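J.: Taking the numbering used here, I'd label the letters of the sequence shown as residues 93 to 592.
What follows is a structure written as structure tokens; I'll ask about it next.
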Amino acid sequence: METKYQKLSSELKRLNSLAGILGHLGWDMQSMLPKGAFSSRQNQMTNLTCILHEQSTDEELGQLIYELFDEGQSQFNQYQWRNILLAKQNFEDSIKIPSELIKRRAQISGLGFQKWLEAKENNSYKIFAPLLQQYIDISRECSHHLDPEKHPYDVCLDSFEKGFSSKDIDLIFLELKSGLSKIYSKIQSSQKSIKTLPKGKFDISKQIQLIDEIATTLGFDKNIGRIDTSSHPFTGGGHNTDVRMTTRYDENDLSSALLSIIHETGHAIYEQGRMTDQYQDTPVSMALGMVIHESQSLLLERRVGQGEQFINYCFPVIKKYFPEQFEGWTNHDYYLAINKVGPSELRVDSDEITYPLHIILRYELEKELFNHVIKVEDLNEAWNEKSRLLLGFTPKSESSGVLQDAHWGDGCFGYFPVYTLGAMAGSQMYDICLKENPKLEANFKNGDFSEIKTWLNQKVHLKGQLKSAKELIQELTNSSIDVNSYLNYLDNKYQSVYEY
Numbered sequence: 093m094e095t096k097y098q099k100l101s102s103e104l105k106r107l108n109s110l111a112g113i114l115g116h117l118g119w120d121m122q123s124m125l126p127k128g129a130f131s132s133r134q135n136q137m138t139n140l141t142c143i144l145h146e147q148s149t150d151e152e153l154g155q156l157i158y159e160l161f162d163e164g165q166s167q168f169n170q171y172q173w174r175n176i177l178l179a180k181q182n183f184e185d186s187i188k189i190p191s192e193l194i195k196r197r198a199q200i201s202g203l204g205f206q207k208w209l210e211a212k213e214n215n216s217y218k219i220f221a222p223l224l225q226q227y228i229d230i231s232r233e234c235s236h237h238l239d240p241e242k243h244p245y246d247v248c249l250d251s252f253e254k255g256f257s258s259k260d261i262d263l264i265f266l267e268l269k270s271g272l273s274k275i276y277s278k279i280q281s282s283q284k285s286i287k288t289l290p291k292g293k294f295d296i297s298k299q300i301q302l303i304d305e306i307a308t309t310l311g312f313d314k315n316i317g318r319i320d321t322s323s324h325p326f327t328g329g330g331h332n333t334d335v336r337m338t339t340r341y342d343e344n345d346l347s348s349a350l351l352s353i354i355h356e357t358g359h360a361i362y363e364q365g366r367m368t369d370q371y372q373d374t375p376v377s378m379a380l381g382m383v384i385h386e387s388q389s390l391l392l393e394r395r396v397g398q399g400e401q402f403i404n405y406c407f408p409v410i411k412k413y414f415p416e417q418f419e420g421w422t423n424h425d426y427y428l429a430i431n432k433v434g435p436s437e438l439r440v441d442s443d444e445i446t447y448p449l450h451i452i453l454r455y456e457l458e459k460e461l462f463n464h465v466i467k468v469e470d471l472n473e474a475w476n477e478k479s480r481l482l483l484g485f486t487p488k489s490e491s492s493g494v495l496q497d498a499h500w501g502d503g504c505f506g507y508f509p510v511y512t513l514g515a516m517a518g519s520q521m522y523d524i525c526l527k528e529n530p531k532l533e534a535n536f537k538n539g540d541f542s543e544i545k546t547w548l549n550q551k552v553h554l555k556g557q558l559k560s561a562k563e564l565i566q567e568l569t570n571s572s573i574d575v576n577s578y579l580n581y582l583d584n585k586y587q588s589v590y591e592y
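Here's what the structure looks like:
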């Protein structure tokens, strides 16, 4: 006879399968869907979202969760008890939001990506602005239902990683901005001459072969995943046995697709490395949160992918596909060039020093929108002014400025800070991994990334949601997120690169 816990586990797995279908439909919408099908896809995703919400708030499900919770922690192992707690939290959050609001949010979400893409393609923020206003209004409404005592933007932050308030992030970013400014000043005063990565025709078909080779060497399993093209790189899919990642290609810039795919491979390896035992598809098996998710992608992109030993492996592979474009270049030339610091309009193409400033720009604008400091119709001008102050330039177009990221097209307010929080956490994890595996980087040179993949799998991926992000970071690194540690890493690295 099925126990109460087994009944709950089966129901949680069934609900996860519905969420997986939504995930797959979302991936398809951003990568494969014909433009004429946006309306029908919007209806499909709205209806499925409403069904999922209805079944996630079922009274019998809630009763079952509370009965198990009342039995107490001592009756269950740590995985079972964590599933009960996570199910309880999800149920309590879900019942706070009215079904009518869920439907309206889903309808806007289905239209949001379409309008963002149209606006970006036409270089016209005005096309997207009305939809963005609706997104902000409905986000405020949802936030009020979830926690009327908390600031709406802090509720948005919680939806991507619980435990990091805007006050916490303000303090971290204030310290980070000051430290980055000092490092950037040292770089600007350096007389070191570094080559610029060549611009020219990089055949797309060869780029596809190259990134496929790099991703699989890093550990991406194409038996349970695939790589496609989209206007904005992302990782999605519906299951840890069906992980879909995308990148974008530029005939004039090889590094765009290369660094993007290394970043997305970090996400994908995390998803592919999650639990496959009896707890698969239950809440405890899921990726922890977006700070930890971005720690995995930025660890791989920055600490591995832009490290000298990785370049000693990777650059000969690049030259295999593009010998003419890199004629006369050495491994060290490429290492210096890929780490060259300078202004970049696009966040995804920016260097390690200016990347956090891109994040701070978006974070500050989101806070100002939610605090009614600026209006949606004035966001483009506010973006340009803040870009001038923080990054030193004004974007050449709306498409490369306020419209460059897909996040607001999906209503993801509060997501941007997790990139920089994740970068810092990932850097700390990498330092611990290197300490425990002294030959780690020497193996990179030979194209062997098994040690770091295994370490991350055991220490992060298979931990699922057993702990909070803050608890996991503390457990792995014996520290909370440490701005000084991150700044020291950057200062030491770029002192070597720029010889300041």
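Backbone N, C-alpha and C fix where the C-beta goes; we use that ideal spot for every residue, glycine too.
The structure presented is a predicted model; accordingly, all values stated were derived computationally and were not measured.
Kindly indicate which residue of E469, H331, N535 has the alpha-carbon position closest to the one of R366.
T.: Among E469, H331, N535, the Cα nearest to that of R366 belongs to H331.
J.: Based on the DSSP output, what are the partners of R336 in its beta bridges?
T.: Paired residues: R318, G328.
J.: Within 10 angstroms of the Cβ of T368, are there 16 or more other Cβ atoms? Answer buried if so, exposed if not.
T.: It is exposed - the Cβ of T368 has fewer than 16 other Cβ atoms within 10 Å.
J.: Run the CB neighbour count on N463, radius 10 Å, all protein chains shown included, and call it buried at 16 or more, exposed below.
T.: By the 10 Å Cβ count, N463 comes out exposed.
J.: Would you say C142 and I194 are within 8 Å of each other, going by their C-beta atoms?
T.: Against a cut-off of 8 Å, the Cβ pair of I194 and C142 comes out as a contact.
J.: Do you know offhand how far Q587's Cα is from I279's?
T.: Using only the alpha carbons, I get a separation of about 8 Å.
J.: Can you give me the C-alpha to C-alpha distance between F294 and V552, rounded to a whole angstrom?
T.: For F294 and V552, the distance between alpha carbons rounds to 36 Å.
J.: Throw me the rounded Cβ distance for the I296 and A307 pair, which I believe falls under 8 Å.
T.: I296 to A307, Cβ: 16 Å. No contact.
J.: If T374 and K105 are in contact, beta carbons under 8 Å, what's the gap, nearest whole angstrom?
T.: Confirmed, about 6 Å.
J.: For K585, count neighbouring C-beta atoms within 10 Å of its own C-beta (all shown protein chains included) and say buried if the count is 16 or more, exposed if not.
T.: It counts as buried.
J.: Report yes or no: do the stretch 378-398 and the stretch 248-263 share at least 3 C-beta pairs separated by less than 8 Å?
T.: Yes: at least three Cβ pairs fall under 8 Å.
J.: Just the Cα atoms here: how many angstroms apart are G420 and G118?
T.: Taking the straight line from one Cα to the other gives about 44 Å.
J.: Which whole-angstrom value describes the C-beta separation of P244 and H236, a residue pair presumed to lie in contact below a C-beta threshold of 8 Å?
T.: Right, their Cβ atoms sit about 7 Å apart.
J.: Would the beta-carbon of D345 fall within 8 Å of that of K298?
T.: Against a cut-off of 8 Å, the Cβ pair of K298 and D345 comes out as no contact.
J.: Using only the alpha-carbon positions, how far apart do A474 and S352 sit?
T.: Each residue's Cα considered, the two are about 27 Å apart.
J.: Quick check: what's the CA-CA separation for E456 versus L209?
T.: Distance between the alpha carbons of E456 and L209 is about 23 Å.
J.: Let's test the definition: count the other Cβ atoms within 10 Å of the Cβ of A221 and tell me whether it reaches 16, buried, or not, exposed.
T.: Answer is buried; the Cβ neighbour count reaches 16.
J.: Does the distance from the C-beta atom of G154 to that of F183 stay below 8 Å?
T.: Yes, the Cβ-Cβ distance between G154 and F183 is below 8 Å.
J.: Which whole-angstrom value is the C-beta distance of M337 and T327, which I expect to be below 8 Å?
T.: That pair is a contact at about 4 Å.
J.: Whose CA, out of L114, E151, Q172, lies closest to the CA of L144?
T.: Out of L114, E151, Q172, L114 has the C-alpha closest to the C-alpha of L144.
J.: S277 lies in the alpha helix (DSSP H); which residues open and close that run?
T.: Segment 258-281, the alpha helix (DSSP H) holding S277.
J.: Can you tell me where the alpha helix (DSSP H) with Q225 in it begins and where it stops?
T.: Per DSSP, Q225 belongs to the alpha helix (DSSP H) from 217-238.
J.: Quick check on DSSP: helix, strand or coil for M137?
T.: M137: helix per DSSP, three-state reduction.
J.: Taking only runs of the alpha helix (DSSP H) that begin and end inside the stretch 408-457, which ones reach a length of at least 4 residues, in chain order?
T.: Listed in chain order, they are 423-430.
J.: In angstroms with no decimal places, state the Cα-to-Cα distance between Q557 and E563.
T.: Their backbone Cα atoms lie some 11 Å apart in a straight line.
J.: Grab me the residues of N549's own chain with a C-beta within less than 6 Å of its C-beta, minus the 5 sequence neighbours each way, in chain order.
T.: G365, listed in sequence order.
J.: Identify whether S492 lies in helix, strand or coil by the three-state DSSP scheme.
T.: Note: S492 maps to coil in three-state DSSP.
J.: Output the distance between the C-alpha atoms of L471 and T422, rounded to the nearest integer angstrom.
T.: Taking the straight line from one Cα to the other gives about 44 Å.
J.: Tell me the residue span of the alpha helix (DSSP H) that contains D304.
T.: Per DSSP, D304 belongs to the alpha helix (DSSP H) from 296-310.
J.: For N108, I'd like the list of residues in its chain whose CB is within less than 6 Å of its CB, leaving aside the five on either flank, ordered along the chain.
T.: Closer than 6 Å at the Cβ level, and outside the excluded window around N108, lie D373.
J.: For the candidate residues R197, V247, P435, E213, whose alpha-carbon lies nearest to that of L223?
T.: When each option's Cα is compared against that of L223, the closest is R197.
J.: Quick check: what's the CA-CA separation for R174 versus V433?
T.: So the alpha carbons of these two residues sit roughly 44 Å apart.
J.: Where does L380 sit, in a helix, a strand or coil, going by DSSP?
T.: Coil at L380, not helix or strand.
J.: I'd like the list of long-range same chain contacts for S442, defined as Cβ closer than 7 Å, with 5 residues on each side in sequence excluded.
T.: Taken in chain order, the residues that qualify are S436, H450.
J.: Just tell me which of K559, E567, Y578 has its CA closest to the CA of L380.
T.: Checked all of K559, E567, Y578; the closest Cα to L380 is K559.
J.: Okay, do the stretch 519-530 and the stretch 563-580 touch, 3+ Cβ pairs below 8 Å being the bar?
T.: Output reads yes: the stretch 563-580 touches the stretch 519-530.
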